[in-house]
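To start, the structure under review is shown below, and the notes come after it.
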Amino acid sequence: AEAAEAAAPPREGERPAPAAPPVRVEVTVRHAVKEEEVRVTVPDTATMREVREALARRLGRPEAVAHGRLVRRAGGALTSFADSERIGTRRSILLVGLEDLQPAEGFVPALSRAEALSLQRDLGAGFEDGTFQSKLAELEGTHGRDSARFKAERQKMALAVQRTVLPRYGFEGTPQGVVGMLRAFEAFSADEEFQSQGARLAALLRQDDAPPP
């Protein structure tokens, strides 16, 4: 009886329950040849074309839609996904057709809150690396936290991490890209979680009066 009731069509005047709204997910687009990757956020119902469109917006490069192809490895070859195919459970996809995954010159992408927090976490993972922290502690012990030498060397070390992380989010891995990131971060300056993660990054870098980790 229960099964029959569950299978019965809705009574007149009743509306079926609305479908669950799409969930935003992070997809990593990896260059099939170069060791480059970019992360984009799309609905979990997104098609492959919509992933390319998100990539184009992230990099400021419309040619990602026109010339880029999302592919998979099959039998030693690369096979293209159809534009209409949905990402399903895929969270990492290869791309061909673009020379690289660098942002357009001077382009500053916008970040969602989730992306800003993810970028902070990725930077933190690099800054808390044991080798990074040991070298920073050695520099501080030798030159002092307030010395120009320490600050210059710290900036070089931080940029080595940023050079790897920033391109994943559409920023150049350069000092100019760091400036662009900071501009994008301004939108979240009042966010408590963002502030908390920012304080952690400052501590890892021994900035200002932040205690060492």
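Using UniProt numbering, read the sequence shown as starting at 1 and increasing by one per residue. Heads up, the beta-carbon is just placed ideally off N, CA and C, and yes, glycines get one too.
(1) Considering only residues of the region 86-141, which uninterrupted beta strand (DSSP E) runs meet the minimum length of 3 residues and lie entirely inside it, listed in chain order?
(2) Ala1 to Val23, Cα distance in whole Å?
(3) When you compare the CB positions of Arg39 and Thr47, do they come within less than 7 Å of one another, or not?
(4) Check the C-beta distance from Arg206 over to Arg145 and give it rounded, since I have them as a contact under 8 Å.
(5) Among the candidates Thr164, Ser189 and Phe188, whose CA atom is the shortest distance from the CA of Gly177?
(6) Could you work out which residue in Lys34, Pro43 and Ala32 is closest to Ala20 when comparing CA atoms only?
(7) When you compare only the Cα positions, how much space is there between Arg113 and Lys135?
(8) Whole angstroms is fine: what's the gap from Ser80's alpha carbon to Thr89's?
(9) Please list, in chain order, all residues of the same chain as Gly170 whose beta carbon is under 6 Å from its beta carbon, the five residues on each side excluded.
(10) In its own chain, which residues sit with a C-beta less than 7 Å from the C-beta of Arg149, not counting the 5 before and 5 after it?
(11) In three-state terms, what does DSSP make of Leu78?
(12) Going along the chain, which residues of its own chain have a beta-carbon closer than 6 Å to the beta-carbon of Gly68, five neighbours each way excluded?
(13) Residues in its own chain within less than 8 Å of Glu193 by CB, not counting five upstream and five downstream?
(14) Who are the Cβ neighbours of Arg61 in its own chain at under 6 Å, not counting the five residues just before and after it?
(15) Helix or strand or just coil, what does DSSP make of His67?
Checking against the coordinates, here is how it stands:
(1) 92-96
(2) Within the sequence shown, numbered from 1, the residue matching residue 1 stands at position 1. Within the sequence shown, numbered from 1, the residue matching residue 23 stands at position 23. Note that Ala1 scores 49 on pLDDT, short of 50, meaning its location in the model is unreliable; the coordinates nonetheless yield the value given after this. Those two C-alpha atoms are separated by around 35 Å.
(3) Reading the sequence shown from its first residue, position 39 is the one you call residue 39. Reading the sequence shown from its first residue, position 47 is the one you call residue 47. Result no, Cβ atoms of Arg39 and Thr47 do not sit closer than 7 Å.
(4) Locating residue 206 in the sequence shown gives position 206, where the first residue counts as 1. Locating residue 145 in the sequence shown gives position 145, where the first residue counts as 1. Indeed they touch by this definition, with Cβ atoms about 6 Å apart.
(5) Here residue 177 refers to the residue found at position 177 of the sequence shown. Checked all of Thr164, Ser189 and Phe188; the closest Cα to Gly177 is Thr164.
(6) Here residue 20 corresponds to residue number 20 of the sequence shown, with the count starting at 1. With distances taken between Cα atoms, Ala20 lies closest to Pro43.
(7) For the purposes of this step, residue 113 is identified with residue 113 of the sequence shown, where counting begins at 1. For the purposes of this step, residue 135 is identified with residue 135 of the sequence shown, where counting begins at 1. Distance between the alpha carbons of Arg113 and Lys135 is about 32 Å.
(8) One-based indexing of the sequence shown puts residue 80 at position 80. One-based indexing of the sequence shown puts residue 89 at position 89. Those two C-alpha atoms are separated by around 17 Å.
(9) For the purposes of this step, residue 170 is taken as the residue at position 170 of the sequence shown. So the list reads Arg58, Leu59, Pro103 and Pro109, once near-sequence residues are dropped.
(10) Indexing the sequence shown from 1 puts residue 149 at position 149. The answer, listed in chain order, is His143.
(11) The residue you call residue 78 lines up with position 78 of the sequence shown. Leu78 falls in the strand class under three-state DSSP.
(12) In the sequence shown, counting from the first residue as 1, residue 68 sits at position 68. Taken in chain order, the residues that qualify are Arg52, Leu95, Gly97 and Leu98.
(13) Here residue 193 refers to the residue found at position 193 of the sequence shown. Excluding its 5 nearest sequence neighbours in each direction, Glu193 has C-beta neighbours in its own chain below 8 Å: Leu117, listed in chain order.
(14) As a working note, residue 61 is residue 61 in the sequence shown. Contacts found: Ala104.
(15) Mapped onto the sequence shown, residue 67 falls at position 67. DSSP places His67 in the coil class of the three-state scheme, outside both helix and strand.
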